[in-house]
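Here's the structure, in structure tokens; my notes come after.
Protein chains: 2
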Amino acid sequence: MRKAFQEELATINEELIRIAELVAAALEQAGQAFQSSDTELAQEVIAADARIDFLQHELDERSIDVLALEGPVASDLRLVVGALRMSTSLERMGDLARHVAQLVRLRFPSDVVPASIRPTFDELIEIDTRIARDLVELLSSRDLEVAKRIATANVRVNELHASVFQAIAAEGWNESASTSVDVALASRYFERFADHGVSVARKVTYLVSGDWEPQTAGL
Amino acid sequence: MRKAFQEELATINEELIRIAELVAAALEQAGQAFQSSDTELAQEVIAADARIDFLQHELDERSIDVLALEGPVASDLRLVVGALRMSTSLERMGDLARHVAQLVRLRFPSDVVPASIRPTFDELIEIDTRIARDLVELLSSRDLEVAKRIATANVRVNELHASVFQAIAAEGWNESASTSVDVALASRYFERFADHGVSVARKVTYLVSGDWEPQTAGL
Numbered sequence: 026m027r028k029a030f031q032e033e034l035a036t037i038n039e040e041l042i043r044i045a046e047l048v049a050a051a052l053e054q055a056g057q058a059f060q061s062s063d064t065e066l067a068q069e070v071i072a073a074d075a076r077i078d079f080l081q082h083e084l085d086e087r088s089i090d091v092l093a094l095e096g097p098v099a100s101d102l103r104l105v106v107g108a109l110r111m112s113t114s115l116e117r118m119g120d121l122a123r124h125v126a127q128l129v130r131l132r133f134p135s136d137v138v139p140a141s142i143r144p145t146f147d148e149l150i151e152i153d154t155r156i157a158r159d160l161v162e163l164l165s166s167r168d169l170e171v172a173k174r175i176a177t178a179n180v181r182v183n184e185l186h187a188s189v190f191q192a193i194a195a196e197g198w199n200e201s202a203s204t205s206v207d208v209a210l211a212s213r214y215f216e217r218f219a220d221h222g223v224s225v226a227r228k229v230t231y232l233v234s235g236d237w238e239p240q241t242a243g244l
Numbered sequence: 026m027r028k029a030f031q032e033e034l035a036t037i038n039e040e041l042i043r044i045a046e047l048v049a050a051a052l053e054q055a056g057q058a059f060q061s062s063d064t065e066l067a068q069e070v071i072a073a074d075a076r077i078d079f080l081q082h083e084l085d086e087r088s089i090d091v092l093a094l095e096g097p098v099a100s101d102l103r104l105v106v107g108a109l110r111m112s113t114s115l116e117r118m119g120d121l122a123r124h125v126a127q128l129v130r131l132r133f134p135s136d137v138v139p140a141s142i143r144p145t146f147d148e149l150i151e152i153d154t155r156i157a158r159d160l161v162e163l164l165s166s167r168d169l170e171v172a173k174r175i176a177t178a179n180v181r182v183n184e185l186h187a188s189v190f191q192a193i194a195a196e197g198w199n200e201s202a203s204t205s206v207d208v209a210l211a212s213r214y215f216e217r218f219a220d221h222g223v224s225v226a227r228k229v230t231y232l233v234s235g236d237w238e239p240q241t242a243g244l
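Order-wise, the sequence lines are chains X and V. According to the numbering used here, the first sequence is numbered sequentially starting from 26. According to the numbering used here, the second sequence is numbered sequentially starting from 26.
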């Protein structure tokens with residue numbers, strides 16, 4: 026019985042990693058679609074999100090079965106409850122990648138954002154991609170240095186997100202209302218994506234150390 | 026032991042209802058602050074959100090303790106896991122009410138949205154307030170007619186949210202980029218609030234009936 030239980034826990038973690046991998050692929054592809062106004066790639070991201078939702082649902086059912094059949098306590102219990110919560114965040118990250126892809130499809134053949142603000146979005150996409158890949162590594166290795174790296178990356182995402190709103194409010198901004206709204210929403214999607222990434226990283230940190238670690242590396 | 030367990034379940038439900046009450050009050054006050062550009066009221070909403078976060082954390086810890094100490098199975102287990110998930114949605118609804126209040130404070134002494142689109146927001150606020158109050162009733166009564174009412178109300182919220190984006194893209198829209206972004210974000214906050222409300226309503230439906238009910242009443 027005990028061995029089967031440890032196997033169940035391992036399976037739950039493998040499924041979490043699998044979902045995180047799909048989320049990382051979705052964000053990376055959504056970013057590429059966004060950068061090249063590639064509506065076919067965007068469509069793939071949108072279609073793939075259903076798979077993430079399905080796997081999340083499956084993982085949740087498995088977790089609830091483990092709770093029912095094994096009645097885990099202490100750290101094992103927190104692991105299962107943690108998986109339930111992390112899967113919710115990961116599923117939401119998949120939704121956000123899909124939202125980005127939907128914007129690409131909606132505005133095609135135009136780009137979603139004007140050239141003047143593209144560098145900011147290039148950096149947002151680069152950092153979000155790194156956060157998504159780091160999450161896969163963190164769930165695999167439980168190396169808390171990776172969790173700190175994610176929290177630190179998120180600080181930069183917040184700065185970039187704020188700078189987007191400053192750009193929209195600035196004198197030289199001459200874009201239409203609709204474009205401005207697209208820019209703000211896209212920025213918010215990337216910002217929320219990173220935020221959910223931090224949320225997963227904090228849960229792993231808690232499971233490993235029993236403490237909510239300081240949210241950022243450095244000072 | 027059995028009696029204590031039933032008491033624990035009752036306490037968990039009472040705490041959920043308490044959080045839902047605070048969320049309903051927060052949304053109602055955020056809506057009022059939004060409509061009258063009342064920065065003091067907005068500040069109250071922002072401050073009160075910490076209380077919701079605290080209660081959610083407390084409820085989650087209690088739920089995990091119940092899982093550890095009682096090892097519930099079947100419908101009791103689903104009730105506890107359901108509470109964990111509903112509290113997450115309710116906490117997020119509190120955040121969204123806070124986001125609305127933050128917009129009010131940020132734009133004061135101006136209104137967040139121009140007069141031309143106020144009727145749409147008045148209706149959004151009215152419906153969201155009703156949804157929030159209905160959630161309290163649903164958690165108390167477990168009356169699935171209330172769950173259907175929430176799902177039906179959400180359909181209208183989605184229509185209103187879409188109409189906001191149409192208005193921004195229309196010929197006659199002459200607002201600044203910043204104002205347009207505020208309008209879009211505020212609309213999104215109200216839309217997400219209703220969406221989380223539906224999510225809670227569906228979980229109650231599932232707990233009561235074992236089925237995910239059709240999401241809307243009527244045809």
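Here a beta-carbon is modelled for each residue, glycine too, at the ideal position from N, C-alpha and C.
Buried versus exposed, by CB contacts within 10 Å (16 or more), residue i
{"i": "GLY222 of chain X", "result": "buried"}
{"i": "PRO239 of chain V", "result": "Caution is warranted here: a pLDDT of 45 is assigned to PRO239 of chain V, below 50, making its placement in the model unreliable, and no coordinate value can be reported."}
{"i": "VAL98 of chain X", "result": "exposed"}
{"i": "ARG123 of chain X", "result": "buried"}
{"i": "GLY197 of chain X", "result": "exposed"}
{"i": "GLY243 of chain X", "result": "In this prediction, GLY243 of chain X has a pLDDT of 41, which is less than 50 and means its spatial position is unreliable; nothing more can be read from the coordinates."}
{"i": "ARG76 of chain V", "result": "exposed"}
{"i": "PHE218 of chain X", "result": "buried"}
{"i": "LEU94 of chain V", "result": "exposed"}
{"i": "MET26 of chain V", "result": "Low confidence applies to MET26 of chain V: its pLDDT is 49, below 50, so where it sits in the model is not reliable enough to give any reading."}
{"i": "PHE79 of chain V", "result": "exposed"}
{"i": "ALA29 of chain X", "result": "exposed"}
{"i": "THR204 of chain X", "result": "buried"}
{"i": "ALA195 of chain X", "result": "exposed"}
{"i": "TRP235 of chain V", "result": "In the sequence as presented, Trp is not what sits at residue 235 of chain V; that position holds Gly. So GLY235 of chain V counts as exposed."}
Per-residue contacts from residue i into chain X (C-beta, under 7 Å)
{"i": "SER205 of chain V", "result": "ALA202, SER205, VAL206"}
Under 9 Å by beta carbon: chain X residues contacting residue i
{"i": "THR230 of chain V", "result": "Going along chain X, no residue has its Cβ under 9 Å from THR230 of chain V, so there is no contact; the nearest lies around 16 Å."}
Pick from the options that is closest to residue i, judged by C-alpha positions
{"i": "ILE142 of chain X", "options": "X:ALA108, X:LYS173, X:ASP207", "result": "X:ASP207"}
{"i": "ILE250 of chain X", "options": "X:VAL138, X:VAL125, X:LEU92", "result": "One cannot answer for residue 250 of chain X here, as it falls past the ends of chain X, which runs 26 to 244."}
{"i": "ARG87 of chain V", "options": "V:VAL106, V:LEU131, V:ILE150, V:SER224", "result": "V:VAL106"}
{"i": "PHE146 of chain V", "options": "V:ALA176, V:LEU109, V:PHE59, V:ILE42", "result": "V:PHE59"}
{"i": "ALA50 of chain V", "options": "V:LEU210, V:ARG158, V:ALA75", "result": "V:ARG158"}
{"i": "ALA108 of chain X", "options": "X:GLU40, X:GLU53, X:ARG181", "result": "X:GLU40"}
{"i": "THR230 of chain X", "options": "X:ARG167, X:SER135, X:SER203", "result": "X:ARG167"}
{"i": "ASP153 of chain X", "options": "X:GLY56, X:LEU92, X:LEU47", "result": "X:GLY56"}
{"i": "THR64 of chain V", "options": "V:LEU92, V:VAL129, V:ILE156, V:SER135", "result": "V:VAL129"}
{"i": "LEU121 of chain X", "options": "X:ALA211, X:THR177, X:LEU163, X:LEU84", "result": "X:ALA211"}
{"i": "HIS82 of chain X", "options": "X:ARG110, X:ARG103, X:ALA172, X:GLN127", "result": "X:ARG110"}
{"i": "VAL91 of chain X", "options": "X:LEU232, X:ILE37, X:GLN54, X:GLU53", "result": "X:ILE37"}
{"i": "ALA67 of chain X", "options": "X:LEU34, X:GLY119, X:GLU46, X:LEU115", "result": "X:GLY119"}
{"i": "SER224 of chain V", "options": "V:ILE42, V:ARG117, V:GLU69, V:PRO144", "result": "V:ARG117"}
{"i": "GLU32 of chain V", "options": "V:ARG43, V:ARG155, V:ASP101, V:GLN54", "result": "V:ASP101"}
Proximity test, Cβ basis, 8 Å: residue i and chain X
{"i": "ALA211 of chain V", "result": "no"}
{"i": "ALA157 of chain V", "result": "no"}
{"i": "SER234 of chain V", "result": "no"}
{"i": "ALA226 of chain V", "result": "no"}
Proximity test, Cβ basis, 8 Å: residue i and chain V
{"i": "LEU109 of chain X", "result": "yes"}
{"i": "GLY119 of chain X", "result": "no"}
{"i": "VAL106 of chain X", "result": "yes"}
{"i": "GLY197 of chain X", "result": "no"}
Where residue i meets chain V, residues with beta-carbon distance less than 9 Å
{"i": "ALA99 of chain X", "result": "ALA93"}
Chain V contact residues for residue i, given Cβ-Cβ distances below 7 Å
{"i": "GLY96 of chain X", "result": "GLY96"}
{"i": "LEU102 of chain X", "result": "ILE89, LEU92, ALA93"}
Proximal chain X residues relative to residue i, where beta-carbon distance stays under 8 Å
{"i": "LEU47 of chain V", "result": "None at all; the shortest Cβ gap to chain X is about 21 Å."}
Cross-chain neighbours of residue i in chain V, by beta carbon under 8 Å
{"i": "LEU115 of chain X", "result": "Going along chain V, no residue has its Cβ under 8 Å from LEU115 of chain X, so there is no contact; the nearest lies around 14 Å."}
{"i": "ALA194 of chain X", "result": "ALA202, SER203"}
For the pair the region 147-155 of chain V and the region 180-187 of chain V, tell me if three or more CB-CB distances fall below 8 Å. yes
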